[in-house]
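In the working numbering, the protein residues as written are 12 to 976.
Glycine included, C-beta positions come from ideal geometry on N, C-alpha and C.
For reference, the structure is listed below as structure tokens.
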Amino acid sequence: MPEQRNRVRVETARQVDTAPGRPAESPLLASRLTPAVPPEPVVARPRLLRRLDEGSAGPVTLIAAPAGWGKTTLLASWVRLGGAAPDVEPGAVVPDSGDLSVPSEARPVPAWLSVEVGDDGDRLWAYLAAALRSATGSAEDGPLPDRQPRPEQLEVLAATLAAADRPVLLVLDDLHRVADPAALTGLEFLLRHAEQRLRLVIGARAGLHLPLHRLRLAGELTEIGPDELAFTDDEVADLLTAHAAALPAAAVHQLRDRTGGWPAALRIAALAVRGQPDPERWVGQFGGDQPEIAGYLHEEVLPTLDPAEEDLLRRTAIVDTVCADLAEALTGRADAGPALAALAGTGGLLHREDTRPPWYRCEPLLADLLRADLARLPADELRDLHARAADWYAGDGRPADALRHALAAGRWDLAGDLFVAHWPELTRYDRDPVHAPAPMTPPAEVIRADPEVALACAAERAYAGDLPAASSHLRTAADHAAGLPVPRRDRFLRLVTALEVSVARLSDDPAEVRAAAARLLRTRPAGATPTRVPDSAPTGAASSAPTAGGGGAADDADLRAFTGTALGLVELADGALPAARFVRARAAAREAGRPRTELVGASRAALLLAVRGELRAAEQAARDALGMPPCRGWSCRLDCAYAYLALALVAQLRDQPEEAAANLALAGPALGIVGGWIGGPETDAGDDWPAAAADEPVAATVAALCRAKLHRDSGDPAAGQRLLVRAREALADRPSATELAGLLRGAEAELRAERGDLDAARDLLAGAADGGSEPVLAVAAAKVELLAGDAAAAGRALPGWQSPAATAWPLPVRLDAGLLDALLAERAGDGRRAGRILEQVLDLAGPQGCRRVFTRAEPPVRDLLAAHLDAGTAHFALVSDLVRGAGRSTARPAVEPRDTLDEPLTERELTILRYLQSILSNVEIASELSLSVNTVKTHVRNIYRKLDATRRREAVRRARELRLI
């Protein structure tokens with residue numbers, strides 16, 4: 012910013028009029044009137060630079076976050092780059108010299124002021140006067156006071172700013188250091204009366220004395236907080252590359268997850284990881300107990316809190332997430348709710364989930380530090396905190412959390428009672444990490460008197476992922492079964508068997524899950540409705556489970572819900588689509604009053620029903636799942652992801668792409684999806700793949716199908732095709748995934764055919780006659796032949812969609828087949844038959860709201876619908892809407908032959924060009940190709956030169972125009 016720097020005239024020995032008691036000499040430091048040079052290297056973050064550009068067009072932009080979130084670095088980078096975000100590549104290094112961009116005539120004149128501790132009103136305005144003089148060119152004796160101005164002086168200054176040729180952009184860094192609210196009233200006056208010729212960009216922590224609420228209501232405030240300041244995976248990779256500390260993509264994601272994207276922690280990690288012999292292992296152990304991190308938090312973050320706030324954070328760190336009622340129970344503070352809201356708002360130390368009531372969670376590294384502090388409390392005080400948490404969770408219907416804290420508190424009676432009463436709810440259904448050290452082992456005399464306590468310990472350890480410890484507790488409990496009276500022994504052995512089911516499922520042992528489930532089902536009460544046992548379950552397996560029934564209807568519902576859910580999850584993990592099993596398990600869980608188990612059944616059933624095309628039932632199940640209490644407070648994220656994924660598929664089949672993309676993005680975090688997910692024109696993430704794909708193949712495949720169709724609809728079928736290939740490869744070793752694999756092959760074949768690669772599409776479908784996947788592949792084959800112009804071949808390939816067996820097909824497949832049948836009839840000149848078939852297809856599609864099959868079909872479908880509208884239909888409103896939708900949705904760019912370049916790309920450059928479409932940074936591309944980063948950068952420069960491009964996105968766009976990718 013040389014324009015500003017050259018016009019800053021600071022007489023360091025100049026005496027300023029001072030208030031009584033101030034030293035006679037009050038020099039103004041030039042260093043406070045120019046952006047500080049941040050520590051090297053600084054990585055440019057274009058998304059935030061754009062946010063600042065957009066915000067600075069308005070009156071006030073506020074960057075509010077705790078220490079270490081990169082406020083000063085971001086502001087200095089933005090000022091040094093002159094707001095040139097659109098031309099800054101991700102990962103570029105910001106210059107540290109004075110060779111800065113001079114603002115154009117269209118830009119405001121910038122001024123900078125770094126506020127320091129101890130600045131009162133007079134001192135602040137002395138510096139403000141110097142900064143504003145540098146921006147406006149005012150003389151020393153102009154209308155700029157060197158101390159806190161009087162009202163008449165403010166009016167003159169406001170008039171001067173309003174008459175200026177260009178607005179003044181005043182950057183105030185660390186403005187929270189001004190403790191006197193009166194010192195800032197003059198700035199508020201100028202904002203209101205300078206006719207928008209003064210714009211403020213403020214960096215601050217909490218406690219800013221400005222009328223923020225009024226500015227928000229007036230729409231005059233742009234806010235950037237910790238959520239936006241947090242580094243993305245790509246920015247973490249760029250930062251590591253700048254520090255010569257490359258990590259694999261999975262480790263980069265893990266580091267970002269462990270730090271919450273906190274810039275200070277990431278810089279510390281980048282400096283430390285370079286000297287590690289095993290960087291990936293080091294990242295896995297990185298936490299708030301690292302000396303550098305703990306020191307920074309103790310010196311920079313915690314001192315900004317008053318003792319009451321620090322005590323609130325420390326006591327609530329005993330739980331992973333907290334709401335106002337829970338915080339009140341843990342601390343005894345009646346004002347816990349407002350205190351949490353303040354820490355999540357301007358404090359930025361807590362993340363808030365917008366539910367009713369709101370839930371909060373602490374930044375990961377700060378939570379690590381606070382838990383370490385908790386561990387140093389006296390044992391009695393720590394047990395009291397756990398006991399308070401256990402009582403609250405038990406009363407709130409969260410038995411798993413209640414059990415963990417009851418055991419930690421040594422409340423053995425409560426732990427045993429919780430397990431016996433809530434055992435179906437105490438198994439783990441997701442793979443999120445549980446921050447729970449092993450509780451103390453109950454005394455031997457407690458186990459002898461109440462062996463159910465040992466079962467409670469086994470359930471808690473299984474939930475925490477410590478399966479060896481769970482098995483050990485299970486064996487200890489089984490040793491005490493013989494001494495129990497018969498009714499209690501039968502119940503006890505039933506609970507042992509239920510835990511065996513859980514441990515087997517969490518150990519990824521499907522055969523043992525089926526065997527244990529079969530044993531458990533044999534304990535159902537006499538006269539209960541039979542439940543099908545999987546064929547693979549051994550019928551004569553030795554077991555300690557009782558053979559006589561026990562309990563009543565509630566026990567039977569618990570067994571049906573628990574075993575049905577466990578068996579359904581095993582089948583789902585193998586790639587099968589057991590919709591009916593989850594529907595039955597959900598009904599049983601509701602009958603038994605088990606909300607956590609019901610949530611699993613509802614969320615999985617929602618997705619599987621959506622795959623079948625039962626959209627109304629799927630939507631209802633998904634919304635029911637998201638409305639259940641267990642979904643609050645960042646709990647059950649995987650279950651919520653299934654529900655959001657179901658809603659995404661429902662929206663897509665109804666041709667609501669924006670809603671589909673939004674729900675797909677909501678499902679992404681729990682599935683480990685990194686980077687852009689929507690697949691629209693702003694994302695080049697066609698090669699993204701969910702990290703949870705190995706554990707959740709059905710969810711990953713459905714997400715891939717949805718995203719591939721979004722790519723296709725946005726004009727990028729190549730990205731969709733790559734994603735489908737990746738998904739199909741991931742299912743190759745899952746023999747139960749025939750139906751899923753068929754859906755993928757059919758979708759991929761259609762994309763290949765639409766791109767003109769008819770032979771590849773036919774090869775993909777050749778010889779595919781597996782029972783479950785035959786209809787979808789046959790319909791896809793008919794589509795391919797119709798695209799090829801061979802109506803006769805299409806008719807031969809088309810399966811009988813009106814046969815009784817076709818009622819078992821997924822509805823979208825049946826609708827595709829019916830619409831193809833109508834098109835073939837129309838081509839054959841049999842318009843009346845085409846109309847009859849189309850009416851039958853509409854009869855099937857109407858109740859579920861399926862629109863995509865019509866609106867995204869080939870252009871002749873619109874003509875067919877328009878003719879049907881003229882001929883008369885019982886679905887007049889629907890067909891009218893579909894005619895409009897089909898005309899709007901079916902246009903796609905025609906495939907043209909490739910143009911030529913003056914200098915063709917080499918094979919290596921073409922390979923790297925394909926990677927440039929992804930979100931991978933240069934260091935990740937180098938890792939993928941086993942090249943050095945400098946080699947990749949050289950190839951990228953050559954690609955830009957040959958394509959006449961200056962940025963990655965421009966190069967990709969140019970390559971697509973030339974059909975190079």
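Limits of the alpha helix (DSSP H) - the one that Cys373 falls within:
Here residue 373 refers to the residue found at position 362 when the sequence shown is read from its first residue. Unbroken run through Cys373 is the beta strand (DSSP E), Trp370 to Cys373; no alpha helix (DSSP H).
Three or more C-beta pairs under 8 Å: does that hold for the region 297–306 against the region 366–382?
In short, these stretches touch, since the Cβ pair count reaches three.
How many Å lie between Ala527 and Ala488 at the Cα?
Residue numbering aside, residue 527 sits at position 516 when the sequence shown is read from its first letter. Residue numbering aside, residue 488 sits at position 477 when the sequence shown is read from its first letter. Going from the Cα of Ala527 to the Cα of Ala488 covers about 17 Å.
Once the 5 residues before and after Ala347 are set aside, which same chain residues still bring their CB inside 6 Å of it?
As a first step, residue 347 must be located in the sequence shown, where it is residue number 336. Around Ala347, the same chain offers Ala335, Ala338 and Glu339 as residues with beta carbons nearer than 6 Å, after the five sequence neighbours per side are excluded.
According to DSSP, what are the bridge partners of Ala75?
Here residue 75 is taken as the residue at index 64 of the sequence shown, counted from 1. Partner(s): Ala215.
If I'm right that Pro318 touches Arg210 with Cβ under 8 Å, what's the distance once you round it to whole angstroms?
Locating residue 318 in the sequence shown gives position 307, where the first residue counts as 1. Locating residue 210 in the sequence shown gives position 199, where the first residue counts as 1. At roughly 38 Å, the Cβ-Cβ gap does not stay under 8 Å, so Pro318 and Arg210 are not in contact.
Neighbour-count burial assignment, Lys957, 16 or more Cβ in a 10 Å radius
Position 946 of the sequence shown, counting from 1, holds the residue named residue 957. By the Cβ neighbour-count rule, Lys957 is buried, with 16 or more other Cβ atoms within 10 Å of its own.
Less than 8 Å between the CB atoms is what I'm expecting for Thr342 and Arg372, so what's the real figure, rounded?
Within the sequence shown, numbered from 1, the residue matching residue 342 stands at position 331. Within the sequence shown, numbered from 1, the residue matching residue 372 stands at position 361. That pair is no contact at about 17 Å.
Would you list the residues sitting across from Ser88 in a DSSP beta bridge?
One-based indexing of the sequence shown puts residue 88 at position 77. None; Ser88 has no bridge partner.
Can you grab the Cα-Cα spacing for the pair Ala819 / Gly624, in whole Å?
Residue numbering aside, residue 819 sits at position 808 when the sequence shown is read from its first letter. Residue numbering aside, residue 624 sits at position 613 when the sequence shown is read from its first letter. Ala819 and Gly624 have their C-alpha atoms roughly 11 Å apart.
Let me make sure I understand the geometry here. Which of Glu199, Pro448 and Ala741 has the alpha-carbon closest to that of Ala584?
Position 573 of the sequence shown, counted from the start, is the residue given in the question as residue 584. Closest in alpha carbon position to Ala584, among Glu199, Pro448 and Ala741, is Ala741.
When we look at the beta-carbon of Arg269 and count the other beta-carbons within 10 Å, is it buried (16 or more) or exposed?
Looking up residue 269 in the sequence shown gives position 258. Residue environment for Arg269: buried (at least 16 other C-beta atoms within 10 angstroms of its C-beta).
Span of the alpha helix (DSSP H), counted from its first residue to its last, around Thr233
Walking along the sequence shown from the start, residue 233 turns up at place 222. Note, Thr233: premise wrong, no alpha helix (DSSP H); beta strand (DSSP E) at Leu232 to Ile235.
Chain B within 8 Å of Phe297, Cβ atoms only:
Protein chains in the displayed structure number just one, and chain B is not present.
Among the residues of its own chain, which have a CB less than 7 Å from the CB of Arg968, if the five just before and after it don't count?
Taking the first residue of the sequence shown as position 1, residue 968 is located at position 957. Counting only Cβ-Cβ distances below 7 Å, and skipping sequence neighbours, we find nothing.
Just the Cα atoms here: how many angstroms apart are Thr171 and Gln164?
Numbered from its first residue, the sequence shown carries residue 171 at position 160. Numbered from its first residue, the sequence shown carries residue 164 at position 153. Their Cα atoms are separated by approximately 11 Å.
Is the Cβ-Cβ distance between Leu385 and Leu393 less than 8 Å?
Residue numbering aside, residue 385 sits at position 374 when the sequence shown is read from its first letter. Residue numbering aside, residue 393 sits at position 382 when the sequence shown is read from its first letter. Against a cut-off of 8 Å, the Cβ pair of Leu393 and Leu385 comes out as a contact.
Could you give the distance in angstroms between the alpha-carbon of Leu316 and the alpha-carbon of Ala350?
Here residue 316 refers to the residue found at position 305 when the sequence shown is read from its first residue. Here residue 350 refers to the residue found at position 339 when the sequence shown is read from its first residue. Each residue's alpha carbon lies about 11 Å from the other.
Can you name the start and end residues of the alpha helix (DSSP H) that Trp123 belongs to?
The sequence position of residue 123 within the sequence shown is 112, counting from 1. Annotation: Trp123 is outside any alpha helix (DSSP H); the continuous beta strand (DSSP E) that includes it extends over Val120 to Ser125.
Hey, could you find the ends of the beta strand (DSSP E) Arg326 is sitting in?
For the purposes of this step, residue 326 is taken as the residue at position 315 of the sequence shown. Careful: Arg326 lies outside any beta strand (DSSP E), inside the alpha helix (DSSP H) at Pro318 to Thr327.
Nearest to His264 by alpha carbon, out of Asp395, Ala447 and Leu682?
Start at 1 with the first residue of the sequence shown, and residue 264 comes out as number 253. Closest option to His264, Cα to Cα, is Leu682.
Taking the C-alpha atoms as reference points, what is the distance between Pro815 and Ala493?
For the purposes of this step, residue 815 is identified with residue 804 of the sequence shown, where counting begins at 1. For the purposes of this step, residue 493 is identified with residue 482 of the sequence shown, where counting begins at 1. Roughly 56 Å separates the two Cα atoms.
DSSP three-state label for Leu337, please.
Sequence index remark: in the sequence shown, residue 337 carries index 326 (1-based). Under the three-state reduction of DSSP output, Leu337 falls in the helix class.
Verify whether the separation of the beta carbon atoms of Val713 and Leu618 is less than 8 Å.
Walking along the sequence shown from the start, residue 713 turns up at place 702. Walking along the sequence shown from the start, residue 618 turns up at place 607. It is a contact, given that the beta carbons lie within the stated cut-off.
Which same chain residues end up closer than 7 Å to Leu875 when comparing Cβ atoms and leaving out the 5 residues on each side of it in sequence?
Here residue 875 is taken as the residue at index 864 of the sequence shown, counted from 1. If we look at Leu875 and ignore the five residues flanking it on each side, its Cβ neighbours are Ala833, Leu834, Glu837, Ala845 and Leu849.
Buried or exposed for Arg952, please, with buried defined as at least 16 other CB atoms from any protein chain shown within 10 angstroms of its CB.
Locating residue 952 in the sequence shown gives position 941, counting from the first residue. Classification of Arg952: exposed, given that the 10 Å Cβ count is below 16.
Burial state of Pro870, where buried means 16 or more other Cβ atoms lie within 10 Å
Numbered from its first residue, the sequence shown carries residue 870 at position 859. Pro870 comes out exposed.
Given this structure, state the Cα-to-Cα distance separating Leu893 from Leu716, to the nearest angstrom.
Residue 893 sits at position 882 when you count from the first residue of the sequence shown. Residue 716 sits at position 705 when you count from the first residue of the sequence shown. When the Cα atoms are used, Leu893 and Leu716 turn out to be separated by approximately 23 Å.
Contact belief for Ala616 with Arg597 at Cβ below 8 Å, rounded distance in angstroms
Numbered from 1 along the sequence shown, position 605 holds the residue referred to as residue 616. Numbered from 1 along the sequence shown, position 586 holds the residue referred to as residue 597. Between Ala616 and Arg597 the beta-carbon gap is near 6 Å, inside 8 Å, which marks them as a contact.
Leaving out the 5 sequence neighbours to the left and right, which residues in its chain are closer than 8 Å to Glu100 when beta-carbon positions are compared?
For the purposes of this step, residue 100 is identified with residue 89 of the sequence shown, where counting begins at 1. Unreliable positioning characterises Glu100 in this predicted model, as indicated by a pLDDT of 49, which lies under 50. The coordinate reading is nonetheless provided below. These residues qualify, in order along the chain: Ala55, Pro57, Arg962 and Arg963.
Segments assigned alpha helix (DSSP H), at least 4 residues, entirely inside the region 482–541:
The region 482–541 contains these whole alpha helix (DSSP H) runs: 497–517 and 521–532.
Could you tell me the distance, in whole angstroms, from the CA atom of Arg278 to the CA atom of Leu250?
Working through the sequence shown from its first residue, we reach residue 278 at position 267. Working through the sequence shown from its first residue, we reach residue 250 at position 239. Each residue's alpha carbon lies about 8 Å from the other.
Return the chain-ordered list of same chain residues with a C-beta closer than 7 Å to the C-beta of Ala613, the five sequence neighbours on each side being excluded.
Indexing the sequence shown from 1 puts residue 613 at position 602. Closer than 7 Å at Cβ, skipping near neighbours: Arg597, Ala632, Asp635 and Ala636.
Give every residue of the same chain whose Cβ lies closer than 7 Å to the Cβ of Ala509, excluding the five residues on either side of it in the sequence, and list them in chain order.
In the sequence shown, residue 509 corresponds to position 498, counting from 1. Excluding sequence neighbours, Ala509 sits near Trp434, Leu531 and Phe573.
Would you kindly check if the distance between the Cβ of Ala122 and the Cβ of Ala1018 is under 8 Å?
With the chain covering only 12 through 976, there is no way to say anything about residue 1018.
Anyone know if the C-beta pair for Ala432 and His416 falls short of 8 Å?
As a first step, residue 432 is located in the sequence shown; it is residue number 421 there, counting from the start. As a first step, residue 416 is located in the sequence shown; it is residue number 405 there, counting from the start. The Cβ atoms of Ala432 and His416 do not sit closer than 8 Å to each other.
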